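Asker:
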RNA sequence: GGCGCAUUCGUCUAGGGGUCCAGGACGUCGCCCUCUCACGGCGGUAACACGGGUUCGAAUCCCGUAUGCGCUACCA
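Numbering (our numbering), first residue to last: 1155 to 1645.
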């Protein structure tokens, strides 16, 4: 941990995000991408996007496309790529062959069955298994003979005998004993390169200076470091990010709700809110500020402040963050993201001016875009569904229909249908009838929104407009007169 | 099993030996604002995993224990 002090990064960096396209982009992946984004933003340089699609069975073009969409939606910007690792396989093989030629790697003729047996035995004896270097020093003639016989072989890396050290920006100076790694495989017996070979080769070719990735790669790093060296590449600086946990402190799983960018998007989360929330899951600006735009975070981002312990994903706080952005962003910035939800709510063709006014009225009251789109629906409907249980107190007042009818008549005769006039009108009607304003306001709100809560009544009515207000009041009066029975078509 | 990493309010975190009977945020509770709801404001609630050291002094440094997690493939 001591080494962390003063590891602030100032020069240009080359960072990369290298997801494998196996479905949706999960929160862990997004956060990794975001920290890379911020590091690049802070220090300058380049962000390389590399798709690790070598596991062809699980990868396809659509998934690659999806990752790019999810990243750009989130607000992560990359400078180079996407590069497909699958297209670089020949290069990886070529580099592995170089290691073989330089005797930094060797052919291993051991069969999987043999290795499995040895591994099982070692486990039974209570120890850990590492490759016993059976083929590490075969005589050249022996090798030639076996190749001649057509025996398949894998290519193994000659792991160093010294302990391996590297710098991890999150955890400090790391040191692994030599026996922590064995002579791992570079090329499978079918000739294809393994993950370790591909990653290191690509990181070298792409001149990556900082590898920011998940903690699950921490134990792989002592394998990668000597491989960088053997291939003549500069060893990058590492930063291994802790995992993201679910509320049960286990690996985040679906049963606690959305876990992927696509799902958050579908729920109506704004990209900057997701981005902002994710950044805070493992990093803090060090001052008591939390809601910060990407550019600002980029300016003050500092790997020094990355947290080393796992964090529980808190959906509530994400929703809160979303609410912050929903109400503070300019409406025009929100609109593009909102559009699909409006369409879904059947409001695609709604009157633009009224829609806009309605959105302004409701956005600070909604936590998601989906909620917002649903909330403004009341301004564009022929009939409203009332919160029936909450209507009990209105039904208990036999004079209410008359009062509301008077209110409606008064409002309809107003020369100007604006909130000041509406309020003055309502207070006048209430006064004439010996009522408190609230005695009209609350039932009117129910009549015009179907709910007990919502924006200030006169704002609501102004946006609703004269015609709809009259109609909805009429419906509600009829509803009250029926004693609360719903018309046929409304159940 | 082996190796590694982690451990501050329910959750995200601040904290780099004294300024910490531990600060901020989400949540929660109460109050204010108010026609309701939300926003906002104010206040309350609640934490240094445990045990040993080191030190005049430890949340902070060291060692152990516990717990959690990761890795331990011819997967990535």
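For each residue, glycine too, the CB sits at the ideal point set by N, CA and C.
The structure presented is a predicted model; accordingly, all values stated were derived computationally and were not measured.
From the DSSP output, in three-state form, read off residue 1259 for me.
Answerer: Mapped onto the first chain, residue 1259 falls at position 105. Three-state result, residue 1259: strand.
Asker: Cα-Cα, which of 1224, 1545, 1185, 1288 is closest to residue 1633?
Answerer: To locate residue 1633, count along the first chain from 1; it is residue 479. Looking at the Cα atoms, 1545 is the closest of the given residues.
Asker: Here's the rule: buried if 16 or more other CB atoms are within 10 angstroms of the residue's CB, otherwise exposed. What is residue 1158?
Answerer: As a position in the first chain, residue 1158 is number 4, starting the count at 1. Model confidence at residue 1158 stands at a pLDDT of 40, short of 50, so the residue's coordinates are unreliable; what they give is reported in the following sentence. Under this definition residue 1158 is a buried residue.
Asker: Examine the Cβ distances between the segment 1437-1447 and the segment 1503-1510 and report whether three or more of them are shorter than 8 Å.
Answerer: With the cut-off at 8 Å, the segment 1437-1447 and the segment 1503-1510 do not touch.
Asker: In this structure, what does DSSP give as the bridge partners for residue 1453?
Answerer: Residue mapping note: residue 1453 aligns to position 299 of the first chain, counting from 1. None; residue 1453 has no bridge partner.
Asker: For residue 1386, tell me which candidate among 1413, 1355, 1369 has the shortest Cα-Cα distance.
Answerer: In the first chain, counting from the first residue as 1, residue 1386 sits at position 232. Of 1413, 1355, 1369, the residue nearest in Cα terms is 1355.
Asker: Could you tell me the alpha carbon to alpha carbon distance between residue 1296 and residue 1270, rounded to whole angstroms?
Answerer: Mapped onto the first chain, residue 1296 falls at position 142. Mapped onto the first chain, residue 1270 falls at position 116. Roughly 23 Å separates the two Cα atoms.
Asker: Assign residue 1482 to one of two classes, buried (16 or more other C-beta atoms within 10 Å of its C-beta) or exposed (fewer than that).
Answerer: Position 328 of the first chain, counting from 1, holds the residue named residue 1482. By the 10 Å Cβ count, residue 1482 comes out exposed.
Asker: Using a Cβ-Cβ cutoff of less than 8 Å, which residues in the same chain neighbour residue 1416 once the five nearest sequence positions on both sides are dropped?
Answerer: The sequence position of residue 1416 within the first chain is 262, counting from 1. Closer than 8 Å at the Cβ level, and outside the excluded window around residue 1416, lie 1178, 1179, 1220, 1224.
Asker: Using the Cα positions of residue 1428 and residue 1285, report the straight-line distance between them to the nearest angstrom.
Answerer: As a position in the first chain, residue 1428 is number 274, starting the count at 1. As a position in the first chain, residue 1285 is number 131, starting the count at 1. Approximately 44 Å, taken between the alpha carbons.
Asker: Leaving out five residues before and five after residue 1329 in sequence, what residues of the same chain have Cβ atoms less than 8 Å from its Cβ?
Answerer: As a first step, residue 1329 is located in the first chain; it is residue number 175 there, counting from the start. The residues are 1317, 1318, 1319.
Asker: With distances taken between CB atoms, is the gap from residue 1558 to residue 1598 smaller than 8 Å?
Answerer: As a position in the first chain, residue 1558 is number 404, starting the count at 1. As a position in the first chain, residue 1598 is number 444, starting the count at 1. Yes.
Asker: State the DSSP-derived secondary structure class of residue 1215, mapped to helix, strand or coil.
Answerer: One-based indexing of the first chain puts residue 1215 at position 61. Three-state result, residue 1215: helix.
Asker: What would DSSP say about residue 1163, mapped onto helix, strand or coil?
Answerer: Your numbering for residue 1163 matches position 9 in the first chain. Coil at residue 1163, not helix or strand.
Asker: Cβ of residue 1237 within 8 Å of Cβ of residue 1305?
Answerer: Position 83 of the first chain, counted from the start, is the residue given in the question as residue 1237. Position 151 of the first chain, counted from the start, is the residue given in the question as residue 1305. Going by C-beta atoms, residue 1237 is not nearer than 8 Å to residue 1305.
Asker: Just the Cα atoms here: how many angstroms apart are residue 1513 and residue 1525?
Answerer: On the first chain, residue 1513 is found 359 positions in, with the first residue counted as 1. On the first chain, residue 1525 is found 371 positions in, with the first residue counted as 1. Cα to Cα, the separation comes out at about 11 Å.
Asker: Enumerate, from N- to C-terminal direction, the unbroken alpha helix (DSSP H) stretches of 4 or more residues contained entirely within the segment 1522-1558.
Answerer: Entirely contained in the segment 1522-1558, the alpha helix (DSSP H) runs reaching 4 residues are, in chain order, 1523-1529, 1546-1549.
Asker: Apart from the five residues just before and just after residue 1608, which ones in its own chain have a Cβ nearer than 7 Å to its Cβ?
Answerer: The sequence position of residue 1608 within the first chain is 454, counting from 1. Only 1599, 1614 meet the Cβ criterion.
Asker: Who are the Cβ neighbours of residue 1239 in its own chain at under 7 Å, not counting the five residues just before and after it?
Answerer: As a working mapping, residue 1239 is identified with position 85 in the first chain. Result list for residue 1239: 1204, 1205, 1206, 1207, 1208, 1352, 1356, in chain order.
Asker: Whole angstroms are fine: how far does the CA of residue 1376 sit from the CA of residue 1452?
Answerer: Within the first chain, the letter at position 298 stands for residue 1452. Within the first chain, the letter at position 222 stands for residue 1376. Rounded to whole angstroms, residue 1452 to residue 1376 spans 30 Å at the Cα level.
Asker: Taking its Cβ as the centre, do 16 or more other Cβ atoms sit within 10 Å of residue 1337, making it buried, or is it exposed?
Answerer: Your numbering for residue 1337 matches position 183 in the first chain. Residue 1337 is buried by the Cβ-count criterion.
Asker: Identify, in the order they occur along the chain, each residue of the same chain with its Cβ nearer than 6 Å to the Cβ of residue 1276, setting aside the five sequence neighbours on each side.
Answerer: Counted from its first residue, the first chain places residue 1276 at position 122. Within the same chain, residue 1276 has close Cβ partners 1283.
Asker: Please classify residue 1603 as buried or exposed, where buried requires at least 16 neighbouring CB atoms within 10 angstroms.
Answerer: The residue you call residue 1603 lines up with position 449 of the first chain. Classification for residue 1603: buried.
Asker: For the segment 1553-1612, which segments carrying the beta strand (DSSP E) assignment without a break, of at least 3 residues, lie completely within its bounds, in sequence order?
Answerer: For the segment 1553-1612, not a single whole beta strand (DSSP E) run of length 3 or above is found.
Asker: Among the residues of its own chain, which have a CB less than 7 Å from the CB of residue 1469, if the five just before and after it don't count?
Answerer: The sequence position of residue 1469 within the first chain is 315, counting from 1. So the list reads 1411, once near-sequence residues are dropped.
Asker: Count the C-beta pairs between the segment 1398-1413 and the segment 1167-1186 that are closer than 8 Å, then say yes if the count reaches three, no if not.
Answerer: Counting Cβ pairs under 8 Å, three or more are found: they touch.
Asker: May I ask you to report which of helix, strand or coil DSSP gives residue 1291?
Answerer: Within the first chain, residue 1291 is the residue found at index 137, counting from 1. In this structure, residue 1291 counts as coil in the three-state DSSP scheme.
Asker: Cβ of residue 1378 within 8 Å of Cβ of residue 1350?
Answerer: For this step, residue 1378 is matched to residue 224 along the first chain. For this step, residue 1350 is matched to residue 196 along the first chain. Yes, the Cβ-Cβ distance between residue 1378 and residue 1350 is below 8 Å.
Asker: Where does residue 1317 fall in DSSP's three states?
Answerer: Start at 1 with the first residue of the first chain, and residue 1317 comes out as number 163. In this structure, residue 1317 counts as coil in the three-state DSSP scheme.
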